[in-house]
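Here the structure comes first, spelled out in structure tokens, and everything after it is commentary.
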Amino acid sequence: GNHLEYTSIELHFATIIMSSTSELSLWNLLHNNRSIVEFWDEWLHTSNPWRAAWTDGDDMAETRIMFLLAFFLILHVSMLSLKKFGVLNDVLASRPTLIANQLHCTTVSILAVVLLLTTDEQAPKPYLLWQEFGIPLSVAYFMADFIWYVIPGRFSPFSTTKSWDFLIGFHHIVMIMCHYPVASNQGAILCGAGSSLWAIRLSLLGYLCELSNPLMNYRWYLMQTLQAHRIDFSLTVIVLVSSFVARVILLGYLIFAVILPEAAVFIEAKQVFIYSMCVLGHAVIMLLSLYWLHVLTKPGMKRMLVFTPPKNKDKKGVFTFGTDMGRAEKKDKNN
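Residue numbers (the working numbering): 593 to 927.
Spelled out as structure tokens, the structure:
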């Protein structure tokens, strides 16, 4: 189906927004004097962006998610096989998921930057590339990373870890729930309270946060390969910390300058649930970014900027995001 054609959902929103609400209380706006059961039933069958995305008659996004998930899992199995036969060098052998991670974060962050800088808001057709490739790629990666990193080895034959990483798992679930519906135009219309373009651009802006990840990967590479301090290590850390500061500022801007001012529009459109998810999702990612920024900077300026061989370096290894960032080493010993 054509993602840009107008549908009955758009006409439904146009009718709602044009109607007068001056005499309605907030409760009426939210529930229209319905019972909770009636409100839930309408949300489930009419105002549910996940259902709209799943049942929009166009399975292109879902098909691509499955193909890309298969691609990531095949890549992962290939890396594990190469590690088993001793083909990988010590660095990649200690973290066989690095190639997939770098492929994902570099692709989606650069694509988001390019589309935001080059696409005319009045002629949004190029945004289809984000719906048809960017979001499916990212959803597939988060699903794959859940399988091989978040879930410990005793529950997943693909896993490279020994314990659950609940923080990263929570991050992935939030990202999938917030961005998957935007891959469908009907889902995006509901996510944007009638404006699919608003939802798509918000998705793109959020993915600018992924620009930090290639820097984290390069910092990790330096930590595994350097024998002594080098100036590029300090420069990388400075840019990485700056990128996390920028993430927090960006997410704060999106919450307070882009999302919260639209509250009345979402209330009028009876899209309170997805709006709450949107606010909560951005707040969660902002709090996680603040947490990781704290972990990065906790050692102090000198220890942060001057290279010392990491205690969690393990050539046979088990990579964890937390120990890479500098989180407590106790978990490292357990792994």
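Beta carbons are placed, not taken as given, at the ideal position from N, Cα and C, and that holds for glycine.
May I ask you to report which of helix, strand or coil DSSP gives residue i?
i	result
Lys-676	helix
Lys-754	coil
Gly-892	coil
Thr-647	coil
His-821	coil
Ser-639	coil
Ile-743	coil
Pro-749	coil
Pro-901	coil
Ala-785	coil
Ser-776	coil
Arg-687	coil
Gln-863	coil
Check for me: the alpha helix (DSSP H) holding residue i runs from which residue to which?
i	result
Thr-699	690-710
His-771	758-771
Asn-681	It is not in any alpha helix (DSSP H) - Asn-681 carries neither H nor E in the DSSP assignment.
Val-857	855-860
Val-850	Here Val-850 belongs to no alpha helix (DSSP H), and DSSP marks it neither H nor E.
Phe-725	It is not in any alpha helix (DSSP H) - Phe-725 carries neither H nor E in the DSSP assignment.
Have a look at the options and flag the residue whose alpha-carbon is nearest the alpha-carbon of residue i.
i	options	result
Tyr-733	Lys-754, Val-669, Ala-653, Phe-663	Phe-663
Val-876	Gly-678, Cys-770, Asp-651	Cys-770
Tyr-813	Gln-723, Ser-670, Gln-694, Val-705	Gln-694
Ala-653	Phe-825, Ser-673, Trp-722, Asp-712	Trp-722
Ser-826	Ser-787, Leu-729, His-696, Thr-900	Thr-900
Asp-737	Thr-689, Met-815, Val-706	Thr-689
Gln-819	Val-898, Leu-720, His-764, Met-658	Val-898
Leu-705	Gln-863, Leu-800, Leu-880, Val-831	The question names Leu, but residue 705 in the sequence shown is Val. Comparing Cα-Cα distances from Val-705 to each of Gln-863, Leu-800, Leu-880, Val-831, the minimum goes to Leu-800.
Thr-828	Leu-843, Leu-807, Val-837, His-668	Leu-807
Gln-778	Ser-639, Val-629, Asp-824, Ala-644	Ala-644
Val-700	Ser-673, Met-815, Ser-795	Ser-795
Trp-756	Pro-891, Tyr-741, His-821	Tyr-741
Thr-698	Ser-670, Val-679, Phe-677, Leu-729	Leu-729
So residue i packs on residue j, CB below 8 Å; how close in whole Å?
i	j	result
Tyr-772	Trp-642	7 Å
His-874	Ile-847	5 Å
Gly-798	Ala-791	Not quite, the Cβ-Cβ distance comes to about 11 Å (not below 8 Å), so this is no contact.
Leu-880	Leu-759	7 Å
Ile-666	Val-731	In fact, because the Cβ distance is near 17 Å, the residues do not count as touching under 8 Å.
Thr-753	Gly-745	7 Å
Ser-835	Leu-803	6 Å
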